[in-house]
Amino acid sequence: MDDYAVLSDTELAAVLRQYNIPHGPIVGSTRKLYEKKIFEYET
Amino acid sequence: ASQKHRDLVAEPMGEKPVGSLSRIGEVLGEKLEERGFDKAHVVLGQFLVLKRDEDLFREWLKDPCGANAKQS
Amino acid sequence: ASQKHRDLVAEPMGEKPVGSLSRIGEVLGEKLEERGFDKAHVVLGQFLVLKRDEDLFREWLKDPCGANAKQS
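Residue numbers (our numbering), protein chains in the order written: chain S, 11 to 53; chain H, 1450 to 1521; chain F, 1450 to 1521.
Below, the structure is given as structure tokens:
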């Protein structure tokens, strides 16, 4: 999951949109959740 | 839980602790407090930032990863 | 701004757009929308997650585009 940490919030949001994962803004308190959602989607 | 919820919504949330939220038991309450979500209004804030998406919020509650913005 | 604020607090926030928040001008409103803060309640959520700390919130508003996790 660490390789998502290098993505900027904007890049992370673009991946969430690409995978059609429902999401809100990426802030300190939500970022880890969205990284996990992408990881789950890709695995 | 429903009585707890009625108590919570009966007056402004103010500085109520996270434990005053219904369905937040002792273990989860402590976990949330460790991550800076020590007050009911901070957890409400997280729900709003998750755009009131209940699935996302439930998922986040399972593993309240990510500190609240103040800590991070 | 004060009239805008009075309009905002006169009724439930519901699905009001971010632009209905007083002092959020067009440019900042667009920036916030790009970041996913398209509704007033989502911005309120961030303020609550910041534990209603006005300095932190002002700081965050100055630059709502977060750095990546590593940088932060």
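Think of the CB as a built atom: it goes at the ideal place given N, C-alpha and C, for glycine as much as any other residue.
Residue pairing by DSSP places S/P32 in no beta bridge whatsoever. Rounded to the nearest whole angstrom, the C-alpha separation of F/L1497 and S/K46 is 23 Å. The beta-carbon of S/T40 is placed less than 7 Å from the nearest beta-carbon of chain H. Taking a Cβ-Cβ cut-off of 8 Å, S/V25 has no neighbours in chain F, whose nearest Cβ is about 12 Å from it. DSSP places S/R41 in the uninterrupted alpha helix (DSSP H) bounded by 41-52.
In this structure, DSSP gives H/K1488 an extended state, which the three-state scheme calls strand. Under the Cβ criterion (8 Å, minimum of three pairs), the segment 1463-1473 of chain F does not count as touching the segment 1472-1488 of chain H. Within the segment 1456-1512 of chain H, no complete beta strand (DSSP E) segment of 3 residues or longer occurs. The C-beta distance from H/L1505 to S/P32 rounds to 7 Å, short enough to fall under 8 Å.
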